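Enquirer:
Here's what the structure looks like:
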């Protein structure tokens, strides 16, 4: 059953968090870092903050007796809207900036794969490694946005469990 209060809190805090994550990604790009590489992990910093703030708001103004599952629903709503908003903004950013941002990311990934070539071949096998290396040429804006969406959902799930345990009745 759909609880409009949970959706409203999720939209409010999720979109704000998504914009904050995107601002961090844009700042990284403007400073010359690859926002989709290791430096992009800094954009996950607002996620636990907004999850805790959103659940605290929900508990304080809507339901003081929040149980674990209701807390998880609120947190997953915030996580979903954060991931959705950030992925859409990343998709738009890639189209606005142009293909050079993807080419920069592919060049960094190729350098990383070349650096650890022997270990990757030992782990994956020669054929799979070559397929992965050639697959970098087909990297698209939608693939980067989808990867960001899924990774934010997974990270948000971890923080959602922690926050739901922390704020339960």
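Residue numbers (our numbering): 130 to 298. Where is the CB? At the ideal position from N, CA and C, for every residue including glycine. Here the structure is a predicted model, which means the values were calculated and not measured.
Please report the Cβ distance between residue 220 and residue 179, rounded to the nearest whole angstrom; I am assuming they are in contact, meaning their Cβ atoms lie under 8 Å.
Expert: On the chain shown, residue 220 is found 91 positions in, with the first residue counted as 1. On the chain shown, residue 179 is found 50 positions in, with the first residue counted as 1. Approximately 21 Å separates the beta-carbon atoms of residue 220 and residue 179; this is outside 8 Å, ruling out the contact.
Enquirer: Give the straight-line distance between the Cα atoms of residue 187 and residue 135, rounded to the nearest whole angstrom.
Expert: Within the chain shown, numbered from 1, the residue matching residue 187 stands at position 58. Within the chain shown, numbered from 1, the residue matching residue 135 stands at position 6. Cα-Cα distance, rounded: 8 Å.
Enquirer: Say yes only if the C-beta of residue 260 is nearer than 6 Å to one or more non-hydrogen atoms of the ligand ADP, and no if none qualify.
Expert: Absence of the ligand ADP from the depicted structure is noted, as is the absence of any ligand whatsoever, leaving it without description.
Enquirer: Roughly how many angstroms lie between the CA atoms of residue 210 and residue 185, to the nearest whole one?
Expert: Residue mapping note: residue 210 aligns to position 81 of the chain shown, counting from 1. Residue mapping note: residue 185 aligns to position 56 of the chain shown, counting from 1. Distance between the alpha carbons of residue 210 and residue 185: 17 Å.
Enquirer: Which term fits residue 245, buried or exposed, when burial requires 16 or more other beta carbons within 10 angstroms of its beta carbon?
Expert: The count along the chain shown starts at 1 and reaches residue 245 at position 116. Classification of residue 245: exposed, given that the 10 Å Cβ count is below 16.
Enquirer: If you check the beta carbons only, do residue 265 and residue 235 fall under 7 Å apart?
Expert: Your numbering for residue 265 matches position 136 in the chain shown. Your numbering for residue 235 matches position 106 in the chain shown. Yes, they are a contact pair.
Enquirer: So, is residue 253 buried or exposed, given that buried needs 16 or more other C-beta atoms within 10 angstroms?
Expert: Taking the first residue of the chain shown as position 1, residue 253 is located at position 124. By the neighbour-count rule (16 or more Cβ atoms within 10 Å), residue 253 is not buried but exposed.
Enquirer: Can you have a look at residue 147 and say buried or exposed, based on whether 16 or more other CB atoms are within 10 angstroms of its CB?
Expert: Indexing the chain shown from 1 puts residue 147 at position 18. Buried, because 16 or more other Cβ atoms sit within 10 Å of the Cβ of residue 147.
Enquirer: For the alpha helix (DSSP H) containing residue 198, name the first residue and the last one.
Expert: Within the chain shown, the letter at position 69 stands for residue 198. 197-226 is the extent of the alpha helix (DSSP H) around residue 198.
Enquirer: Got a sec, what are the start and stop residues for the alpha helix (DSSP H) residue 271 sits in?
Expert: On the chain shown, residue 271 is found 142 positions in, with the first residue counted as 1. Its alpha helix (DSSP H) spans residues 270-296.
Enquirer: Expressed to the nearest angstrom, what Euclidean distance is found between the alpha-carbon atoms of residue 297 and residue 278?
Expert: Indexing the chain shown from 1 puts residue 297 at position 168. Indexing the chain shown from 1 puts residue 278 at position 149. Distance between the alpha carbons of residue 297 and residue 278 is about 27 Å.
Enquirer: Can you confirm whether the stretch 257-272 touches the stretch 145-163 when touching is taken to mean that 3 or more C-beta pairs between the two stretches lie within less than 8 Å?
Expert: no
Enquirer: Note down the Cα distance separating residue 190 from residue 294, rounded to an integer number of angstroms.
Expert: Residue numbering aside, residue 190 sits at position 61 when the chain shown is read from its first letter. Residue numbering aside, residue 294 sits at position 165 when the chain shown is read from its first letter. Their backbone Cα atoms lie some 19 Å apart in a straight line.
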